[in-house]
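Enquirer: Dumping the structure here so I can ask a few things about it.
Numbering (our numbering), first residue to last: 246 to 607.
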């Protein structure tokens, strides 16, 4: 099942149970819980949002999403997002790429009111490191949010100071320490139906907006729109990443208009699953995901920094499991102007073999 969470054992947990009695239990797993809400909604002839609470909006905001890419590739992604009706783009900022160059390139091809949500995943490391980078990005009109410039709970005072130093809203994955410290302007919220509504109520009591983050296909996206329809402070565009997939598993696409999707009103999730697509893309448990297959291939990831004193700096890595923690620990400088990453694929040559072995031996 989609986003099954705890695995097939959770299916045994609900077999023979009244779905009305167990659908609010987050412990059954996200995918199973979503399916139960769909079944109960269809049985009662009501949309899922009626089972979750009182509707506060008809249309829910949603964002495009992409991993870090060279500027030219982000440009093509942004163009496609505009064609599909999006008005915001969640970007993964990485220390081995020039985020300023990336933002400048994408800003050239999107409307003035199109917004960027920039996710650093903690790579700026500290409030002091983050301040000049975020202040520099504040100058770009399309930039709206900064997610996890560093992990805010590690320095609540520094996080509060940083939010005061920058113009745009800083957002962090929800935790109550950050909420009570009032050290950021918003949150990222996801998970089971009961927990999400509890956190939604907490955010509302502190007047903190958030975006829903529920990753999956069009099925999960439809569910996220039902959840967003009943939570007053789910005001920032949601992240479901469903545009990444070759097929959204729906017979009819969820239309994005002006950056919003209409919360379905038909019973249950209000969607029709494409059974032919489901059969086509079905895999056996344990089948390697595309990311796993990609990472099984050999390549060299080359990071270049602009020349200092006439000499260019280069570092070669064989896997993200090597360079990711190295940058996160501050072993290499990040987010400088002109920094870039080149991917060198295995072409079977002796030159590549030598380069790969040299990088691996470091």
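Virtual Cβ for every residue (Gly too), placed ideally from N, Cα, C. Nothing here was measured: the structure is a model prediction, and the numbers come from that model.
Give me the residue from 440, 439, 445 and 438 with the minimum Cα distance to residue 432.
Expert: Nearest of 440, 439, 445 and 438 to residue 432, Cα basis: 445.
Enquirer: Compute the distance between the beta-carbons of residue 335 and residue 313, then report whether it is under 7 Å.
Expert: Their beta carbons are not under 7 Å apart, which means residue 335 does not touch residue 313 by this criterion.
Enquirer: Taking residue 302 as the reference, give the member of 294, 308 and 587 with the closest Cα.
Expert: Cα-wise, what sits closest to residue 302 is 294.
Enquirer: Tell me the DSSP bridge mates of residue 305?
Expert: Looking at the DSSP assignment, residue 305 forms a beta bridge with 506.
Enquirer: Reducing DSSP to helix, strand and coil, say where residue 486 ends up.
Expert: Here residue 486 sits in coil by DSSP.
Enquirer: For residue 463 versus residue 493, is the C-beta spacing smaller than 7 Å?
Expert: A contact, by the Cβ cut-off of 7 Å.
Enquirer: Apart from the five residues just before and just after residue 287, which ones in its own chain have a Cβ nearer than 7 Å to its Cβ?
Expert: Excluding residues within five positions, the ones whose Cβ falls inside 7 Å are 512 and 513.
Enquirer: What's the call for residue 425, buried or exposed, on a 16-neighbour Cβ count within 10 Å?
Expert: That one is exposed.
Enquirer: For the segment 307-382, which segments carrying the beta strand (DSSP E) assignment without a break, of at least 3 residues, lie completely within its bounds, in sequence order?
Expert: Counting only runs of 3 or more, we get 309-311, 333-337 and 360-364.
Enquirer: Helix or strand or just coil, what does DSSP make of residue 557?
Expert: Strand.
Enquirer: What's the C-alpha gap between residue 324 and residue 331?
Expert: Distance between the alpha carbons of residue 324 and residue 331 is about 10 Å.
Enquirer: Whole angstroms is fine: what's the gap from residue 600's alpha carbon to residue 360's?
Expert: The alpha-carbon atoms of residue 600 and residue 360 are separated by roughly 40 Å.
Enquirer: How would you call residue 409, buried or exposed, if buried means at least 16 neighbouring beta carbons within 10 angstroms?
Expert: Under this definition residue 409 is an exposed residue.
Enquirer: What does the Cβ neighbour count give for residue 542, buried or exposed, with the cut at 16 atoms within 10 Å?
Expert: Classification for residue 542: exposed.
Enquirer: Could you give the first and the last residue of the continuous beta strand (DSSP E) run that contains residue 585?
Expert: Residue 585 -> beta strand (DSSP E) spans 585-590.
Enquirer: Alpha helix (DSSP H) containing residue 444: first to last residue?
Expert: 438-450 is the extent of the alpha helix (DSSP H) around residue 444.
Enquirer: Assuming residue 455 contacts residue 479 (C-beta within less than 8 Å), just tell me the rounded distance between them.
Expert: The pair is a contact, with the Cβ atoms about 6 Å apart (cut-off 8 Å).
Enquirer: Compare the Cα-Cα distances from residue 333 to each of 590, 357 and 517 and report the closest residue.
Expert: Ranking 590, 357 and 517 by Cα distance to residue 333 puts 357 first.
Enquirer: Check whether the Cβ atoms of residue 397 and residue 423 sit closer than 7 Å, and answer yes or no.
Expert: Yes, the Cβ-Cβ distance between residue 397 and residue 423 is below 7 Å.
Enquirer: Beta strand (DSSP E) containing residue 391: first to last residue?
Expert: That run of the beta strand (DSSP E) goes 388-392.
Enquirer: Could you spell out where the beta strand (DSSP E) holding residue 431 opens and where it closes?
Expert: Run containing residue 431: 431-434, per the beta strand (DSSP E) assignment.
Enquirer: Have a look at the DSSP bridge pairing and note the partners of residue 415.
Expert: Residue 415 is bridged to 391.
Enquirer: Quick check: the segment 338-357 against the segment 579-594, are at least 3 beta-carbon pairs closer than 8 Å?
Expert: Flag = yes, the segment 579-594 and the segment 338-357 touch.
Enquirer: Could you spell out where the beta strand (DSSP E) holding residue 580 opens and where it closes?
Expert: It is not in any beta strand (DSSP E) - residue 580 carries neither H nor E in the DSSP assignment.
Enquirer: The beta strand (DSSP E) with residue 494 in it runs from where to where?
Expert: Premise fails: residue 494 is in no beta strand (DSSP E) and is neither H nor E.
Enquirer: According to the neighbour-count rule (16 or more other Cβ atoms, all chains shown, within 10 Å of its Cβ), is residue 458 buried or exposed?
Expert: So residue 458 counts as buried.
Enquirer: What residues match up with residue 296 in a beta bridge as DSSP calls it?
Expert: DSSP, once it has assigned bridges, lists no residue as partnering residue 296.
Enquirer: Would a C-beta distance cut-off of 7 Å place residue 475 and residue 290 closer than the cut-off?
Expert: No, the pair does not count as a contact, with Cβ atoms beyond the cut-off.
Enquirer: When you compare the CB positions of residue 604 and residue 545, do they come within less than 7 Å of one another, or not?
Expert: A contact, by the Cβ cut-off of 7 Å.
Enquirer: Can you give the Cα-Cα distance for residue 465 and residue 387, rounded to whole angstroms?
Expert: In a straight line, the C-alpha of residue 465 is about 28 Å away from that of residue 387.
Enquirer: Are the CB atoms of residue 305 and residue 508 within a distance shorter than 7 Å?
Expert: Cβ atoms of residue 508 and residue 305: closer than 7 Å.
Enquirer: Which partner residues does residue 458 have in the DSSP bridge list?
Expert: Answer is 484, bridged to residue 458.
Enquirer: So who's on the other strand from residue 546, going by DSSP bridges?
Expert: 562 and 588.
Enquirer: How about residue 523: is its C-beta nearer than 7 Å to some C-beta of chain D?
Expert: In the structure shown, chain D does not exist; there is a single protein chain.
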